[in-house]
Amino acid sequence: MINKAFSFCCTCMLLLISLFANAQENQNQNTETGPVNEFFRSNGKIYVIVGVLLIIFIGIVIFLIALDRKLSKLEQRENNSHGK
Amino acid sequence: MEKHWWKALAVIILVYVIIAGFTIEIPIIGTNGQSSRGLFFHVPMWICMYTMFTISVVNSLLYLSKYDLRRDAYASAAASVGVFYGVLGFATGTLWATYTWGGSFTRDPKQMLTAVALMIYMAYLVLRLSIPDIDKRARISAVFNIFAFALLIPLTYIIPRMVDSLHPGSATTPGFASSDTDNHMKWVLYPAFLGWTLLSVWIYTLLVRYKKLELKNIFK
Chain A
1 MINKAFSFCC TCMLLLISLF ANAQENQNQN TETGPVNEFF RSNGKIYVIV GVLLIIFIGI
61 VIFLIALDRK LSKLEQRENN SHGK
Chain B
1 MEKHWWKALA VIILVYVIIA GFTIEIPIIG TNGQSSRGLF FHVPMWICMY TMFTISVVNS
61 LLYLSKYDLR RDAYASAAAS VGVFYGVLGF ATGTLWATYT WGGSFTRDPK QMLTAVALMI
121 YMAYLVLRLS IPDIDKRARI SAVFNIFAFA LLIPLTYIIP RMVDSLHPGS ATTPGFASSD
181 TDNHMKWVLY PAFLGWTLLS VWIYTLLVRY KKLELKNIFK
């Protein structure tokens, strides 16, 4: 089950990387306007890095929550087996 | 859910710290430039480390007073999380120093003595691995942990304040006082301390719960 989920994540990652690689070739075309794009390009593009850090941080938090829940499940199983 | 509110609080505070830490106006002083924003991320790592090492030494003392092996598990879990945060603090400080002090390792007393203190704590973790007998390991490492904490404070706090150092808070550079930190920065800095510390406590409780499952004979 875990292996399947892991290989699924890896496949998604590789697909995403190929998408980014494609985006890299067309980087000169990345000139879309609009409020969101303008916001990210303002102040020396600092908000891009703010976004990068938020993505990393939220990723770590999701990982911690997952670990937390896994431990809770394991603890519950332990308690049940002791009760029997 | 009522048990988890402080974890959510930590995440909310840290999202605020990351956004505000990069976007608020800060005074641009000398070679520091924008790197003063490192204050919101580098200093909290040390606060987390001190919190963890304090939890660790208190549990070691409690172990030595009652020989309760659970205390030993708490102490070792806190020490390993503390070392983790110490390494993060040291790495971020070294990167910061590279671009503001003119070198990664500049024989700065604060940096060198902190490295020594971290190595003492790493020795604690290695010492634990080297003793297979669980009671002997608990006693010897508890005593070592108290010595380590007794060295940590002079090495990282007292001696660097008495000698010249590039690091703020030495004999020649102003310390972390009410007069020399910009007021706007405090609005991010203090929440940063709280948020990062709560996150480190979360990681610590995860490790403790893992140890409880691993050593369930002790924790019955």
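Protein chains in written order, with full-length UniProt numbering: chain A, 1 to 84; chain B, 1 to 220. Even glycine gets a Cβ: it sits at the ideal position worked out from N, Cα and C. Only a predicted model underlies this, so the values are computations on that prediction, with no experimental measurement involved.
For threonine 106/B, three-class secondary structure by DSSP:
For the purposes of this step, residue 106/B is identified with residue 106 of the second sequence, where counting begins at 1. Looking at threonine 106/B - three-state DSSP - the assignment turns out to be coil, as it is neither helix nor strand.
Using CA atoms only, rank isn't needed, just tell me which of Trp96/B, Lys186/B, Asp72/B, Leu14/B is closest to threonine 31/B.
Sequence index remark: in the second sequence, residue 31/B carries index 31 (1-based). Ranking Trp96/B, Lys186/B, Asp72/B, Leu14/B by Cα distance to threonine 31/B puts Trp96/B first.
Per DSSP, what kind of secondary structure is lysine 220/B in: helix, strand or coil?
In the second sequence, residue 220/B corresponds to position 220, counting from 1. Coil.
When DSSP labels each residue in this structure, what does leucine 166/B get in the three-state scheme?
Your numbering for residue 166/B matches position 166 in the second sequence. Of the three classes helix, strand and coil, the one that applies to leucine 166/B here is coil, per DSSP.
Please list the partners that valine 61/A has in chain B, where partner means a Cβ-to-Cβ separation under 7 Å.
As a position in the first sequence, residue 61/A is number 61, starting the count at 1. Going along chain B in sequence order, the residues near valine 61/A (Cβ under 7 Å) are Val11.
Is there at least one Cβ from chain B nearer than 8 Å to glutamate 75/A's Cβ?
Walking along the first sequence from the start, residue 75/A turns up at place 75. It does: the Cβ of glutamate 75/A has a partner Cβ on chain B nearer than 8 Å.
Since lysine 186/B is in the alpha helix (DSSP H), which residue starts that stretch and which ends it?
Here residue 186/B refers to the residue found at position 186 when the second sequence is read from its first residue. First-last of the alpha helix (DSSP H) with lysine 186/B: 183-214.
Taking the alpha-carbon of isoleucine 140/B as reference, which of Leu127/B, Ile24/B, Leu152/B has the nearest alpha-carbon?
On the second sequence, residue 140/B is found 140 positions in, with the first residue counted as 1. That would be Leu127/B, whose Cα lies nearest to the Cα of isoleucine 140/B.
With a threshold of 8 Å between beta-carbons, can glutamate 78/A be considered close to chain B, or not?
Position 78 of the first sequence, counted from the first residue, corresponds to residue 78/A. Closer than 8 Å: yes.
Beta-carbon separation (whole angstroms), proline 109/B vs valine 163/B, contact threshold 8 Å:
Within the second sequence, residue 109/B is the residue found at index 109, counting from 1. Within the second sequence, residue 163/B is the residue found at index 163, counting from 1. Confirmed, about 5 Å.
Under 8 Å from the C-beta of isoleucine 46/A: neighbouring residues of chain B
Stepping through the first sequence from its first residue, residue 46/A is reached at position 46. Here the neighbours are Phe22, Thr23.
Give the residues from the UniProt domain "Cytochrome c assembly protein" (12-161) of chain B that approach chain A closer than 8 Å (Cβ to any Cβ), ordered along the chain.
Leu14, Val15, Ile18, Ile19, Phe22, Thr23
Would tyrosine 50/B and alanine 79/B qualify as a contact pair, given that the criterion is a beta-carbon distance under 8 Å?
Start at 1 with the first residue of the second sequence, and residue 50/B comes out as number 50. Start at 1 with the first residue of the second sequence, and residue 79/B comes out as number 79. The answer is no: Cβ separation not under 8 Å.
Enclosing alpha helix (DSSP H) for histidine 42/B [first to last residue]
For this step, residue 42/B is matched to residue 42 along the second sequence. Where histidine 42/B is concerned, the enclosing alpha helix (DSSP H) stretches over 39-66.
Taking only three categories from DSSP, how would you classify lysine 3/B?
As a first step, residue 3/B must be located in the second sequence, where it is residue number 3. Lysine 3/B: coil per DSSP, three-state reduction.
Reducing DSSP to helix, strand and coil, say where proline 35/A ends up.
For the purposes of this step, residue 35/A is taken as the residue at position 35 of the first sequence. Three-state DSSP puts proline 35/A in a helix.
Check whether the segment 1-20 of chain B touches the segment 182-196 of chain B, taking contact to mean three or more Cβ pairs, one atom from each stretch, closer than 8 Å.
yes
In chain order, what residues of the same chain lie with their CB nearer than 8 Å to the CB of tyrosine 204/B, ignoring the 5 residues before and after it?
Stepping through the second sequence from its first residue, residue 204/B is reached at position 204. Same-chain partners within the cutoff: Met52, Ile55, Ala77, Ala78, Val81.
Do you know offhand how far phenylalanine 39/A's Cα is from histidine 82/A's?
Within the first sequence, the letter at position 39 stands for residue 39/A. Within the first sequence, the letter at position 82 stands for residue 82/A. Pairing phenylalanine 39/A with histidine 82/A, the inter-Cα distance amounts to about 57 Å.
Does the beta-carbon distance from leucine 62/B to glycine 86/B come in below 8 Å?
If you number the second sequence from 1, residue 62/B lands on position 62. If you number the second sequence from 1, residue 86/B lands on position 86. For leucine 62/B and glycine 86/B, no; Cβs fall outside 8 Å.
What does phenylalanine 57/A touch in chain B if you count any residue whose Cβ is under 9 Å from its own?
By one-based count along the first sequence, residue 57/A stands at place 57. Per Cβ cutoff of 9 Å: Val11, Leu14, Val15, Ile18.
Which class does alanine 171/B belong to by DSSP, given the choice of helix, strand or coil?
Here residue 171/B corresponds to residue number 171 of the second sequence, with the count starting at 1. Assigned with DSSP and collapsed to three states, alanine 171/B falls in coil, not helix or strand.
Below 7 Å CB to CB, which residues in the same chain sit around serine 170/B once its five sequence neighbours on both sides are set aside?
In the second sequence, counting from the first residue as 1, residue 170/B sits at position 170. If you ignore the 5 residues before and after serine 170/B, its C-beta comes within less than 7 Å of the C-beta of Lys110, Pro160, Arg161, Val163, Asp164, all in its own chain and listed in chain order.
Check whether alanine 10/B and tryptophan 202/B have beta carbons under 8 Å apart:
Mapped onto the second sequence, residue 10/B falls at position 10. Mapped onto the second sequence, residue 202/B falls at position 202. If you check the CB distance, alanine 10/B and tryptophan 202/B come in under 8 Å.
For aspartate 72/B and alanine 8/B, the rounded distance between their alpha carbons
Stepping through the second sequence from its first residue, residue 8/B is reached at position 8. Stepping through the second sequence from its first residue, residue 72/B is reached at position 72. Between alanine 8/B and aspartate 72/B, the C-alpha separation is close to 29 Å.
Is leucine 213/B close to chain A, meaning its C-beta is less than 8 Å from at least one C-beta of that chain?
Mapped onto the second sequence, residue 213/B falls at position 213. Yes, leucine 213/B counts as interfacial toward chain A.
Who are the neighbours of tryptophan 202/B on chain A, taking C-beta pairs under 7 Å?
For the purposes of this step, residue 202/B is taken as residue 202 along the second sequence, with counting starting at 1. By Cβ distance, chain A contributes Leu64.
Exposed unless 16 or more other CB atoms sit within 10 angstroms - verdict on valine 83/B
Within the second sequence, numbered from 1, the residue matching residue 83/B stands at position 83. When all chains shown are included, valine 83/B counts as buried.
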